[in-house]
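Using UniProt numbering, read the sequence shown as starting at 1 and increasing by one per residue.
A short write-up of the structure that comes next.
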Amino acid sequence: MENFDILGGDYEYSDYNYTEIGNITIPEGTFLQHKPSCLKEGTCVLLTAINVVIFLLGFFGNMLVIWISGFKMRKTVNTTWYLSLAISDFFFCAFLPFNISYMAMKEWLFGSFMCKFTSAAMFINMFSSIFLLIVISMDRCVSVVFPVWAQNHRSVQKASAVVVFAWLLAIGMSIPSMIFREVQTIDGNQVCFNNYVRKQHSHKIIAVTRFIAGFVVPFTVIIICYSIIIFKLQNNRMTKSSKPFKVMTALVVTFFVCWLPYHVFSLLELNHHNHDHNTLTTGLQAGAILASANSFLNPLLYVFMGNDFKKKLKSSLLSKMENAMADEGRTTSRYLSRSSSMDGRASTHI
Numbered sequence: 001m002e003n004f005d006i007l008g009g010d011y012e013y014s015d016y017n018y019t020e021i022g023n024i025t026i027p028e029g030t031f032l033q034h035k036p037s038c039l040k041e042g043t044c045v046l047l048t049a050i051n052v053v054i055f056l057l058g059f060f061g062n063m064l065v066i067w068i069s070g071f072k073m074r075k076t077v078n079t080t081w082y083l084s085l086a087i088s089d090f091f092f093c094a095f096l097p098f099n100i101s102y103m104a105m106k107e108w109l110f111g112s113f114m115c116k117f118t119s120a121a122m123f124i125n126m127f128s129s130i131f132l133l134i135v136i137s138m139d140r141c142v143s144v145v146f147p148v149w150a151q152n153h154r155s156v157q158k159a160s161a162v163v164v165f166a167w168l169l170a171i172g173m174s175i176p177s178m179i180f181r182e183v184q185t186i187d188g189n190q191v192c193f194n195n196y197v198r199k200q201h202s203h204k205i206i207a208v209t210r211f212i213a214g215f216v217v218p219f220t221v222i223i224i225c226y227s228i229i230i231f232k233l234q235n236n237r238m239t240k241s242s243k244p245f246k247v248m249t250a251l252v253v254t255f256f257v258c259w260l261p262y263h264v265f266s267l268l269e270l271n272h273h274n275h276d277h278n279t280l281t282t283g284l285q286a287g288a289i290l291a292s293a294n295s296f297l298n299p300l301l302y303v304f305m306g307n308d309f310k311k312k313l314k315s316s317l318l319s320k321m322e323n324a325m326a327d328e329g330r331t332t333s334r335y336l337s338r339s340s341s342m343d344g345r346a347s348t349h350i
């Protein structure tokens, strides 16, 4: 079965009864190999161009976010979250050139280790991003429901420890993509692909686990957190349209919209015999591109969510991003002050 790999223009073959490589037909049960290809040459060119755009916007956009949130803004719990998300997206974008080269040259030139690691990079990005979004959603929920407790217990040090744990968990969840990634020589060319031929059940387990741990469970937890927040805000006078809440909502919605098609077609691909091959390939290609695009959308959301768009264009880029990330502290502190009757003690940054 030919399956579009999320990291570039390469494919994996899983369980056709036979396949042709050059002029050779490989019988059933033989290790299946391939060359990276698209349905049409024009599709390859288009996918390569889109990936170049994603790399440029994501690499430099997230670099800017890292610079601002890491070096120009006061260290707070909120900036720790946003900095971690930016590092995750920057990490993925840094490895995109390897896959762009693979799509353009139709040959893998970077060895077995990079073949495995570039594959893992996307899933490390996926899991670290969604785990951080879960943490941020729970953090917002606790801050609204238990404002006094949050005021006394939230700290940059604790947030940093949570971030490290989220990253370690994401790396652990991404290990299978390194285990099954291989480099083989086909017709004189090096190809990098996923080999599930000998372990079909592993392919299904990995795909389902990614969907549950990387989409279903996070979606459920975040929906619960947001439902609690909205219910709580309806009974208080805290501004419902505050910039940070809108930014966080946009980040969550963008993540799920970008990743849903990939997960859907990955699950359909497990039962590929019942679906049109070209439809699956096209769907996985589109899903992979959309998932990759998530890495450059976050910096744009930081800039353009919040105040009126025209007003934002008149202010500096630094001010835009500072407003998107740091303003929640002042808004939430006012809420904490009203809730706990401690007007003089509420911090301006939480």
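Backbone N, C-alpha and C fix where the C-beta goes; we use that ideal spot for every residue, glycine too.
Only a predicted model underlies this, so the values are computations on that prediction, with no experimental measurement involved.
By Cβ distance below 6 Å, which residues in the same chain neighbour residue i in space, the five residues on each side in sequence not counted?
| i | result |
| --- | --- |
| Phe-296 | Ile-54, Leu-57, Gly-58 and Gly-61 |
| Trp-259 | Ala-291 |
| Ser-112 | Val-183 |
| Asn-236 | none |
| His-263 | Phe-211 and Phe-215 |
Does the beta carbon of residue i come closer than 8 Å to any beta carbon on chain B?
| i | result |
| --- | --- |
| Gly-214 | Although the question refers to chain B, the structure presented lacks it and comprises just one protein chain. |
Roughly how many angstroms separate the alpha carbons of residue i and residue j, rounded to a whole number?
| i | j | result |
| --- | --- | --- |
| Leu-64 | Ile-50 | 21 Å |
| Ile-212 | Leu-268 | 15 Å |
| Asp-276 | Glu-107 | 27 Å |
| Ser-88 | Ala-121 | 9 Å |
| Gly-287 | Pro-261 | 5 Å |
| Arg-154 | Val-77 | 7 Å |
| Asp-139 | Lys-232 | 14 Å |
| Lys-72 | Ser-84 | 15 Å |
| Gln-151 | Ser-69 | 21 Å |
| residue 389 | Pro-176 | Since the first residue of the chain shown is 1 and the last is 350, residue 389 is not available in this structure. |
| Ala-86 | Met-114 | 22 Å |
| Val-45 | Ala-104 | 8 Å |
| Arg-210 | Gln-234 | 35 Å |
| Thr-25 | Gly-188 | Confidence is the limiting factor: at Thr-25 the pLDDT is only 31, short of 50, which leaves the residue's position unreliable, though a coordinate-based value still follows. Rounded to the nearest angstrom, the two C-alpha atoms are 17 Å apart. |
| Phe-193 | Arg-181 | 6 Å |
| Ile-171 | Ile-228 | 30 Å |
| Ile-289 | Ile-230 | 33 Å |
| Asn-294 | Pro-218 | 16 Å |
| Gln-274 | Phe-255 | Going by the sequence as given, residue 274 is Asn instead of Gln. Cα to Cα, Asn-274 sits roughly 29 Å from Phe-255. |
| Ile-223 | Ile-186 | 47 Å |
| Asn-298 | Glu-41 | 31 Å |
| Phe-92 | Ser-143 | 31 Å |
| Val-257 | Lys-158 | 30 Å |
In this structure, how does DSSP classify residue i when only helix, strand and coil are distinguished?
| i | result |
| --- | --- |
| Val-197 | coil |
| Glu-182 | strand |
| Asn-152 | helix |
| Asn-236 | coil |
| Asn-189 | strand |
| Met-173 | helix |
| His-275 | coil |
| Arg-210 | helix |
| Met-248 | helix |
| Trp-108 | coil |
To which residues of the same chain is residue i closer than 7 Å at the C-beta, ignoring the five residues directly before and after it?
| i | result |
| --- | --- |
| Ala-94 | Phe-59 |
| Thr-118 | Leu-7, Phe-95, Phe-98 and Asn-99 |
| Trp-167 | Ser-128 |
| Ser-174 | Ala-120, Phe-123, Ile-124 and Phe-127 |
| Ile-136 | Trp-81 and Met-248 |
| Cys-141 | Cys-225, Ile-228 and Ile-229 |
| Ile-66 | Leu-83, Ala-86, Ile-87 and Phe-90 |
| Arg-145 | At residue 145 the sequence reads Val, which differs from the Arg that was named. Cβ neighbours of Val-145 beyond the five flanking positions: Ile-228 and Lys-232. |
Taking the alpha carbon of residue i as the reference point, which residue from the options has its own alpha carbon closest?
| i | options | result |
| --- | --- | --- |
| Val-163 | Ile-223, Ser-129 and Asn-278 | Ser-129 |
| Leu-169 | Tyr-302, Lys-116, Phe-265 and Phe-131 | Phe-131 |
| Ser-202 | Val-264, Val-191 and Ile-179 | Ile-179 |
| Leu-301 | Leu-251, Asn-125, Gln-157 and Thr-185 | Leu-251 |
| Lys-204 | Phe-90, Gly-172 and Phe-265 | Phe-265 |
| Ile-134 | Val-221, Phe-91, Ile-186 and Ala-207 | Val-221 |
| Leu-270 | Asn-298, Phe-90, Lys-158 and Ala-207 | Ala-207 |
What are the start and end residues of the alpha helix (DSSP H) that includes residue i?
| i | result |
| --- | --- |
| Arg-140 | 111-145 |
| Ser-84 | 77-105 |
| Gly-58 | 41-67 |
Who are the Cβ neighbours of residue i in its own chain at under 8 Å, not counting the five residues just before and after it?
| i | result |
| --- | --- |
| Ser-160 | Thr-80 |
| Val-52 | Ile-100 |
| Val-156 | Lys-75, Thr-76, Val-77 and Thr-80 |
| Gln-190 | Glu-107, Trp-108, Leu-109, Val-183 and Gln-184 |
| Thr-43 | Gln-285 |
| Val-253 | none |
Consider the C-beta atom of residue i and the heavy atoms of the ligand MN; say whether any pair is separated by less than 7 Å.
| i | result |
| --- | --- |
| Val-135 | Absence of the ligand MN is noted for the structure shown, with no ligands found whatsoever. |
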